[in-house]
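Note sheet for the following structure.
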Amino acid sequence: MNSAAPDIFSTFSPWTMAGVTGLLGSAWALSAWQKLGVGKELLWSAARATVQLGIMGFLLGWLFRQHQPFFLVLFLMAMILMAGRFNRKRGAGIPHAYWIGVISITVATTVTLGWMLLSGLVFWRGESLVPIGGMIIGNAMNAVSLALNRLRSEVDQREALLLAMLALGATHRQSMRSLYSMVVRSSLIPTIDSLKSVGMIHIPGITAGMILAGMAPLAAVSMQLVVMVMLTAAVTLSVSTAVLLAAPRALVFSQQIEE
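Taking our numbering, the leading residue of the sequence shown gets 4, the next gets one more, and so forth.
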């Protein structure tokens, strides 16, 4: 069964690079044709991913050999701090969006990894903690960015209603209460849909990779289920925390009220 793995991803060659370029070029061409305005960001993101994955490739060998909790926690915290930068960009207009993202992702990562360490699903070893922690942080970051962006959009659409509530004496938190569940639910749609459809519509790469590597299908599926539940819990925690922290600060109309 191991011999099947090299047939899927062959070694890099000019044809391989041409294929990768063609895939990216197709997306860029569609953006340019339809004037979607995402072509430049697609190219920049692909270039960044190439550099970042190259650097990570060198780091992983060293990280996987680390068994010291201090170094592992320090590396995960560095990842969280970098993730906050993406949240700040997507949450533009919301005060303290960077720290809201950092705190939300930290809460989700701490609680999720804590349960997994206590249950014995993850160990204080680099090859175990770093990949799992990276998946949690990455998914939490995307979900928080989506939540902050949606929150800002909802506030803009309901500006008149929210101003009226403030004028009648409601606090910022009371005014925003009606948006909490709406923003959280919409931000969780991709994660919940993935959990519903896994194994029926799409086969995750972790499952396929472990089966190709020789693991028993049932064991691979069991591990994938643990990962999916882990990510769902982490995303729910991060989004809920982000909305609770950001909602009172998203309504920044005090100056308009005074005028």
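Beta carbons are placed, not taken as given, at the ideal position from N, Cα and C, and that holds for glycine.
Residue range 72-93 is occupied by the alpha helix (DSSP H) that includes Phe78.
Rounded to whole angstroms, Gly172 and Gln55 show a C-alpha spacing of 50 Å.
Annotation: the continuous alpha helix (DSSP H) that includes Lys43 extends over 42-66. Distance from Glu130 to Phe67 at the Cβ level is roughly 4 Å; contact confirmed, criterion being Cβ atoms closer than 8 Å. Residue burial is scored here from C-beta neighbours: Val232 has fewer than 16 other C-beta atoms within 10 angstroms and is therefore classed as exposed. Residues Leu165, Met168, Leu169, Leu254 of the same chain have their beta carbon placed closer than 7 Å to that of Ser178, with the five preceding and five following residues left out of the count.
Taking Met144 as reference, the option from Val105, Ala163, Ala30 with the minimal CA-CA separation is Val105. Per the coordinates, the alpha-carbon of Ile140 lies some 8 Å from the alpha-carbon of Ala86. Distance check between Leu77 and each of Trp102, Gly94, Thr109 places Thr109 closest, using alpha-carbon atoms only. Pairing Ser34 with Leu45 gives a Cβ-Cβ distance under 8 Å.
Rounded to whole angstroms, the gap between the alpha carbons of Ala146 and Ile103 is 13 Å.
Rounded to whole angstroms, the gap between the alpha carbons of Leu248 and Phe126 is 31 Å. In the DSSP assignment, Val125 falls outside any alpha helix (DSSP H), carrying neither H nor E.
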